[in-house]
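Numbering (the numbering used here), first residue to last: 393 to 677. Beta carbons: idealized from backbone N, C-alpha and C, even for Gly. Report on one structure; see the data block that follows.
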Amino acid sequence: MKKWPFLFIFANLVLFILFFAWPALLGVYYSFTEYNGSIATFVGLNNYINLFQDPSFYKALFRTFFYTLLGVPFIYVTSLIISVLLVSKYTKGKNVAKMIFFFPWLVSPIVVGILWRWMFGESFGFINYMIQVLGGNPIQWSSDGNFAFLVVLFATAWAGTAFNMLIFIGALISIPKSLYEAADVDGGTAWQKFWHITLPSIRSTSFLVILLAVFNLMKEFPMVQALTNGGPGSDTTFIVQYIYETGFDQLKIGYASAASMVLFVVLLVFALLQFRFAKGGKIDD
Numbered sequence: 393m394k395k396w397p398f399l400f401i402f403a404n405l406v407l408f409i410l411f412f413a414w415p416a417l418l419g420v421y422y423s424f425t426e427y428n429g430s431i432a433t434f435v436g437l438n439n440y441i442n443l444f445q446d447p448s449f450y451k452a453l454f455r456t457f458f459y460t461l462l463g464v465p466f467i468y469v470t471s472l473i474i475s476v477l478l479v480s481k482y483t484k485g486k487n488v489a490k491m492i493f494f495f496p497w498l499v500s501p502i503v504v505g506i507l508w509r510w511m512f513g514e515s516f517g518f519i520n521y522m523i524q525v526l527g528g529n530p531i532q533w534s535s536d537g538n539f540a541f542l543v544v545l546f547a548t549a550w551a552g553t554a555f556n557m558l559i560f561i562g563a564l565i566s567i568p569k570s571l572y573e574a575a576d577v578d579g580g581t582a583w584q585k586f587w588h589i590t591l592p593s594i595r596s597t598s599f600l601v602i603l604l605a606v607f608n609l610m611k612e613f614p615m616v617q618a619l620t621n622g623g624p625g626s627d628t629t630f631i632v633q634y635i636y637e638t639g640f641d642q643l644k645i646g647y648a649s650a651a652s653m654v655l656f657v658v659l660l661v662f663a664l665l666q667f668r669f670a671k672g673g674k675i676d677d
């Protein structure tokens, strides 16, 4: 019987090596080569030098930072508010509401992009149709960069709320009810209970939600690809779209691998900073 734990560990180790470690090592190797899919020629640091001299790379990277900077708080606040309402004893129809809010998690990111593209289409979209019915002028959702970015942001929040909602609900229902009862005895308001009891009690959960949201937004690809295809122009081209276009459309796989390594370092640095902040300025060895 003692062999079974080792067998399961070995199976997971094999999967980790095949689908994570080996592709990661290949990516590092290709980042130092000029590789077009058939022949890899070692070029040293040329890919990184060219990458840091490419204005398009900086535009995609900083556009991704801006998208993440706006998207993470939006997703966090939306998920937390919905979760608080769904665990409140005053909310009616909670089971139906949970099903409705959880529905986006069941849908593929590509389907989410197509759905929102249909809703916000300029000539055929449901939103513009309703605006015209009400006597307004149709909005250029897909040809105006600012509006396209806004649609991507709302689609991201809609798709990302469900999973975070489940995490928050699990944390909220585990908070001892005695804390709220003591606050009621002391005359605490709803806001005071939320600020002084709820938020501190879900600190570790908040850290997890923020960390996962940052990773998901920094790596967002299928939903944005289906929704805007990086357009108009390059106004919604984020770093992963830039890597995809460089690697697969232009067949600069070595160059795209270098960009992937930069993204990996950025995410690693952010994760370490998050852990340091979450543990009060100390990372366990």
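Taking 8 Å as the cut-off, the Cβ atoms of F560 and L472 count as close. A straight-line Cα-Cα distance of about 14 Å links Q532 and M522.
Within the segment 565-600, the complete alpha helix (DSSP H) segments of 4 residues or longer fall at 569-577, 582-585, listed in chain order. E426 and F457 have their C-alpha atoms spaced approximately 28 Å apart. Per the C-alpha coordinates, the member of S596, L603, A650 positioned closest to I567 is S596.
Bridge partners of T433 according to DSSP: E426. Assigned with DSSP and collapsed to three states, L526 falls in coil, not helix or strand. With contacts defined as CB atoms closer than 8 Å, N608 and G552 qualify as a contacting pair. Three or more Cβ pairs drawn from the segment 533-552 and the segment 620-640 lie within less than 8 Å of each other, which places the two stretches in contact. With a cut-off of 8 Å on Cβ pairs, the segment 416-430 is in contact with the segment 647-663, counting three or more such pairs.
Of the residues G436, Y572, P501, F555, the one whose Cα lies closest to the Cα of I474 is F555.
If you draw a straight line from the Cα of I441 to the Cα of L643, it is about 18 Å long. Inside the segment 444-495, DSSP marks whole alpha helix (DSSP H) runs of 4 or more residues at positions 447-479, from first to last along the chain. For G505 against M615, the beta-carbon gap comes to about 4 Å, under 8 Å, which counts as contact.
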